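Colleague: Got a structure here, written out as structure tokens. Questions coming.
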Amino acid sequence: LLAPPSLQSQRAYKPGSVMEKDGRPNWDSPMQFVLACVSYAVGLGNVWRFPYLCQLHGGGGFLIPYLIMLLLEGLPLFYMELAIGQKMRLGSIGAWTSISPYLGGLGLASVVTSLYLCLYYNVINAWSFWYLFHSFQSVLPWGVCPINSNRTGPTEECEVATPTQYFFYRETLNISSSIEEHGGIHTGQALCLVLAWAITYLFIVRGVKSTGKVVYFTATFPYLVLFIYLIRGVTLYGAINGLKYMFTPKMAELANPRAWINAATQIFFSLGLGFGSLIAFASYNQYNNNFQNQAIVVSLINSGTSIFASIVTFAIYGFKATLNYEDCLDRMRILLLNTFDLAEDAISMDSVLEWIEKLNTTYPEQFAQIADKVREGECNLEKELDTAVEGTGLAFIVYSEAIKNMPLPQLWSVLYFFMLLLLGIGSMLGNITAIITPLRDFKIMSRMSNELFSGLVCVFCLLLGLGFTTTSGNYWFTIFNDYAATFSLLFIVLIEVIAVSYIYGIKRFEKDIEDMLGHRPNWYWKIMWAVTSPLLLIGLFIFYIISYIQGGTPTYQAWNKELGESVVTEYPVFGQVFIVLLLVSSVSCVPLTALYAFCRKRKERAYEKRPSPVSTVSV
1 LLAPPSLQSQ
11 RAYKPGSVME
21 KDGRPNWDSP
31 MQFVLACVSY
41 AVGLGNVWRF
51 PYLCQLHGGG
61 GFLIPYLIML
71 LLEGLPLFYM
81 ELAIGQKMRL
91 GSIGAWTSIS
101 PYLGGLGLAS
111 VVTSLYLCLY
121 YNVINAWSFW
131 YLFHSFQSVL
141 PWGVCPINSN
151 RTGPTEECEV
161 ATPTQYFFYR
171 ETLNISSSIE
181 EHGGIHTGQA
191 LCLVLAWAIT
201 YLFIVRGVKS
211 TGKVVYFTAT
221 FPYLVLFIYL
231 IRGVTLYGAI
241 NGLKYMFTPK
251 MAELANPRAW
261 INAATQIFFS
271 LGLGFGSLIA
281 FASYNQYNNN
291 FQNQAIVVSL
301 INSGTSIFAS
311 IVTFAIYGFK
321 ATLNYEDCLD
331 RMRILLLNTF
341 DLAEDAISMD
351 SVLEWIEKLN
361 TTYPEQFAQI
371 ADKVREGECN
381 LEKELDTAVE
391 GTGLAFIVYS
401 EAIKNMPLPQ
411 LWSVLYFFML
421 LLLGIGSMLG
431 NITAIITPLR
441 DFKIMSRMSN
451 ELFSGLVCVF
461 CLLLGLGFTT
471 TSGNYWFTIF
481 NDYAATFSLL
491 FIVLIEVIAV
501 SYIYGIKRFE
511 KDIEDMLGHR
521 PNWYWKIMWA
531 VTSPLLLIGL
541 FIFYIISYIQ
551 GGTPTYQAWN
561 KELGESVVTE
571 YPVFGQVFIV
581 LLLVSSVSCV
591 PLTALYAFCR
601 KRKERAYEKR
611 PSPVSTVSV
């Protein structure tokens, strides 16, 4: 089925002669390859996941474990995958099969994991399209509550929640109350998903020839938008409060093991290790391309972007937190004025907290009447800044809340959601390449044209992805986001580094690198591959298993229409079974393929040992 060149023939390749040997297309220039890796690695996680972790673990203090994990884990594994792809000039399945027939399951597991990622990742791009299209209205729809069906006032559910939450959960998702309540497809979201997949197809239809052109835009334009947002963000009222929060590290978090584990996983997932995308991209390089420098550059750009995006995000955090804090003070001021019958100008905004303490001491009996309301609406700027928001809540609710309070909100909304769209599409190009490239290495697949094969893959993913546009689709989205590409990726990369270091062998790997670059890797890379990275990955792997076992029944956030907020709910039995199948389906590819290779090899040996039939000669 596969037609990979042997390792010996690969070693015989000379720089500049690869195209003649295997006819594989190449990137037009090393710059295209770097931009493709940047576009793939720098994604939505840099904009929402990293700021969330900074906020969760004491602002700038999180940068210390993050940068240490970059050196111990991110750089070595990124370098390793680029080296494998460039040496083998095959997708993940063919590359690992070339190293050993027993390792072909690694590539297959990467393809399955990338398929899961593609199914739900483009849904985020569909949401970005939805918000982008609604950004051109004269009044942003998430800025005000819609009128109820009786046209007597705002929708009650929206008033209980907030306009931004209502627009996301009810207008964008049309979400049901639980994963067990199924409903029809959201037509608007389904059309946006079709558009997202159509654009993905157009960008990959000619392989690296079309992808290489697109990445010039998808890899660079988001930085322009982030820079514009940086200028706007730092000039917002209260932005300085958010920046102080970020750059005032809580050093006690360095003693928190969870901070180090989150730093390791953030590095691991933000670089896109284990999906097979990096192996696929590197397989289109010239044989003597200097991937070592490129690995260092892309890794530093990725981490630098996370820090840069966090500065922008914390500036907007500060703006939103300050507005919420002052709104709280104003509500308390009005409550005090009405309760104690004071003049309108008796209490200023700056002295509300002082007045609360003063009136509590002076008029304890009268103050007792409103004590519960004061405690319930306690105003605290630090508390506002400590409120961590993860994932889609940050991208589509918190940012939307801040944007609607800016001057010219339509302009900032268009810029922001267009940037999100480009980040998402850039990552999708890597995700879909990780599926198409290894499958095209199969002889039966290689007979199809690029246009037909890419189209079939995109249509297949689109049809399955339509399930995420149903009323319960967001809950299935959460399952895929939480379980499809976490445990399996840790397992894949752990086996990868063990395979290179102890099955293929560090010395052989060194010679391959020397053959491509003209020099061997230094001691740093070898120590990381042989000792440090495997130990870190084993630790993370064990941590995830223990956390999953100790975590009890898996839960999700179900939208409660009456409360206007999400509530923690346990998954039903079928949801738990699906989670297990999701985890097992990709990981099981490794042992099952190894077992198949073992049985096949044993059968071949038995056939070779079979005695030849005795020939009879007529005299």
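Under the UniProt record's numbering, read the sequence shown as residues 1 to 619, first letter to last.
Note that the Cβ used here is the ideal one computed from N, Cα and C, for glycine as well.
Please read all numbers here as calculations on a predicted model, not as lab measurements.
1. Is Tyr131 buried or exposed, if buried means 16 or more other CB atoms sit within 10 Å of its CB?
2. Decide if the stretch 327 to 334 is in contact with the stretch 61 to 75; the criterion is three or more beta carbon pairs, one per stretch, under 8 Å apart.
3. Grab the span of the beta strand (DSSP E) containing Val144 for me, first residue to last.
4. Could you round the C-beta distance between Val47 and Ala309 to whole angstroms and report it? I think they count as a contact, below 8 Å.
5. Which of helix, strand or coil does DSSP assign to Glu354?
6. Between the Cα of Met88 and those of Ile147, Arg24, Val38 and Ile124, spot the shortest distance and give me the residue it belongs to.
7. Taking 8 Å as the threshold, find out whether the stretch 110 to 127 comes into contact with the stretch 275 to 291 through three or more Cβ pairs.
8. Using 8 Å for Cβ pairs, my map puts Ala196 next to Phe129. What's the rounded Cβ distance?
9. What span of residues does the alpha helix (DSSP H) with Gln557 cover, start to end?
10. Would you call the stretch 52 to 62 and the stretch 478 to 493 touching, i.e. three or more CB-CB distances under 8 Å?
11. Check whether the stretch 497 to 506 touches the stretch 98 to 110, counting contact only when three or more Cβ pairs, one atom from each stretch, lie closer than 8 Å.
12. Determine, using beta-carbon pairs with one atom in the stretch 211 to 224 and one in the stretch 417 to 436, whether at least three such pairs fall under 8 Å.
13. Run through DSSP, which three-state label would Thr471 get?
14. For Tyr556 and chain D, any beta-carbon pair shorter than 8 Å?
15. Less than 8 Å between the C-beta atoms of Leu44 and Leu423, yes or no?
16. Which residue from Thr172, Ser176, Ser178 and Ile179 puts its Cα closest to that of Leu191?
17. Taking DSSP as the reference, what is the three-state secondary structure of Met19?
18. Can you give the beta carbon distance from Asn285 to Trp27, rounded, assuming they're within the 8 Å contact cut?
19. Within its chain, find whatever has a CB closer than 6 Å to the CB of Trp142; leave out the 5 residues flanking it on each side and keep chain order.
20. If you scan the stretch 99 to 134 from start to end, which runs of the alpha helix (DSSP H) of 4 or more residues do you find wholly inside it?
21. So if DSSP puts Ser566 in a beta bridge, which residue, or which two residues, is it bridged to?
22. The alpha helix (DSSP H) that contains Gly539, what's its start and end?
23. Determine the closest residue to Val568 out of Asn150, Tyr596, Ile179 and Thr339, with distance taken between C-alpha atoms.
24. Check whether the Cβ atoms of Leu243 and Gly318 lie closer than 8 Å to each other.
25. Can you check DSSP and say which residues form a bridge with Ile185?
26. Please list the terminal residues of the continuous alpha helix (DSSP H) segment that includes Gln32.
27. Taking the straight line between their C-alpha atoms, what separation do you get for Gln189 and Ser588?
28. So, is Pro364 buried or exposed, given that buried needs 16 or more other C-beta atoms within 10 angstroms?
29. What residues in its chain sit with their C-beta under 7 Å from that of Glu326, if we drop five residues either side in the sequence?
30. On a CA-only basis, which of Asn150, Asp330 and Glu384 is nearest residue 628? Give me that one, please.
31. For my contact list, Leu540 and Ala255 are in at a C-beta cut-off of 8 Å; report their separation, rounded to the angstrom.
32. Just checking my contact of Ala219 with Leu35 at CB under 8 Å: how many whole Å lie between their CB atoms?
33. Quick one: what does DSSP say Pro25 is sitting in, helix, strand or coil?
34. What residues match up with Pro521 in a beta bridge as DSSP calls it?
35. Return the residue from the list Phe477, Leu230 and Tyr524 that minimises the CA-CA distance to Gly467.
36. I'd like to know if the stretch 147 to 162 and the stretch 380 to 387 are in contact, where contact means that at least 3 CB-CB pairs between them fall below 8 Å.
Modeller: Judging by the given coordinates:
1. Position 131 of the sequence shown, counted from the start, is the residue given in the question as residue 131. Tyr131 should be labelled buried.
2. no
3. Locating residue 144 in the sequence shown gives position 144, where the first residue counts as 1. Val144 -> no beta strand (DSSP E), and no H or E assigned at all.
4. Within the sequence shown, numbered from 1, the residue matching residue 47 stands at position 47. Within the sequence shown, numbered from 1, the residue matching residue 309 stands at position 309. Contact flag correct, Cβ pair sits at about 5 Å.
5. On the sequence shown, residue 354 is found 354 positions in, with the first residue counted as 1. If DSSP states are grouped into helix, strand and coil, Glu354 belongs with the helices.
6. Walking along the sequence shown from the start, residue 88 turns up at place 88. Measuring from the Cα of Met88, the nearest candidate turns out to be Arg24.
7. yes
8. Taking the first residue of the sequence shown as position 1, residue 196 is located at position 196. Taking the first residue of the sequence shown as position 1, residue 129 is located at position 129. Confirmed, Cβ separation roughly 6 Å.
9. For the purposes of this step, residue 557 is taken as residue 557 along the sequence shown, with counting starting at 1. That residue, Gln557, is in no alpha helix (DSSP H); its beta strand (DSSP E) goes Thr555 to Asn560.
10. no
11. yes
12. yes
13. Within the sequence shown, residue 471 is the residue found at index 471, counting from 1. Reduced to three states, the DSSP call for Thr471 is coil.
14. Absent from the structure is chain D; it holds one protein chain and no more.
15. The residue given as residue 44 occupies position 44 in the sequence shown. The residue given as residue 423 occupies position 423 in the sequence shown. Going by C-beta atoms, Leu44 is nearer than 8 Å to Leu423.
16. Taking the sequence shown and counting its residues from 1, one reaches residue 191 at position 191. Closest option to Leu191, Cα to Cα, is Thr172.
17. Start at 1 with the first residue of the sequence shown, and residue 19 comes out as number 19. A caution first: Met19 carries a pLDDT of 45, below 50, which makes its placement in the model too unreliable to give a value.
18. Here residue 285 is taken as the residue at index 285 of the sequence shown, counted from 1. Here residue 27 is taken as the residue at index 27 of the sequence shown, counted from 1. Sure, about 6 Å apart at Cβ, within 8 Å.
19. Counting from one through the sequence shown, the residue named residue 142 turns up at place 142. Once the five neighbours on either side are set aside, the close Cβ partners of Trp142 are Pro163, Thr164, Phe167 and Ser400.
20. 104 to 134
21. Taking the sequence shown and counting its residues from 1, the one referred to as residue 566 is at position 566. Ser566 is bridged to Trp559.
22. Within the sequence shown, numbered from 1, the residue matching residue 539 stands at position 539. Segment Ser533 to Gln550, the alpha helix (DSSP H) holding Gly539.
23. In the sequence shown, counting from the first residue as 1, residue 568 sits at position 568. For Val568, the nearest C-alpha among the options comes from Ile179.
24. Residue mapping note: residue 243 aligns to position 243 of the sequence shown, counting from 1. Residue mapping note: residue 318 aligns to position 318 of the sequence shown, counting from 1. Yes, Cβ-Cβ distance for Leu243 and Gly318 is below 8 Å.
25. Looking up residue 185 in the sequence shown gives position 185. BP columns for Ile185 point to Thr470.
26. Numbered from its first residue, the sequence shown carries residue 32 at position 32. Run containing Gln32: Pro30 to Ala41, per the alpha helix (DSSP H) assignment.
27. On the sequence shown, position 189 is the one that residue 189 refers to. On the sequence shown, position 588 is the one that residue 588 refers to. One C-alpha to the other measures close to 33 Å.
28. As a first step, residue 364 must be located in the sequence shown, where it is residue number 364. With fewer than 16 Cβ atoms within 10 Å of its Cβ, Pro364 is classed as exposed.
29. One-based indexing of the sequence shown puts residue 326 at position 326. Cβ within range, chain order: Met349.
30. Here the chain comprises residues numbered 1 to 619, so residue 628 is not present and cannot be evaluated.
31. Here residue 540 refers to the residue found at position 540 when the sequence shown is read from its first residue. Here residue 255 refers to the residue found at position 255 when the sequence shown is read from its first residue. Rounded, the Cβ-Cβ distance is 19 Å, inconsistent with contact.
32. Start at 1 with the first residue of the sequence shown, and residue 219 comes out as number 219. Start at 1 with the first residue of the sequence shown, and residue 35 comes out as number 35. About 4 Å separates the two Cβ atoms, so the contact holds.
33. For this step, residue 25 is matched to residue 25 along the sequence shown. Pro25 falls in the coil class under three-state DSSP.
34. To locate residue 521, count along the sequence shown from 1; it is residue 521. Paired residue(s): none; Pro521 is not in a bridge.
35. The residue given as residue 467 occupies position 467 in the sequence shown. Out of Phe477, Leu230 and Tyr524, Phe477 has the C-alpha closest to the C-alpha of Gly467.
36. no
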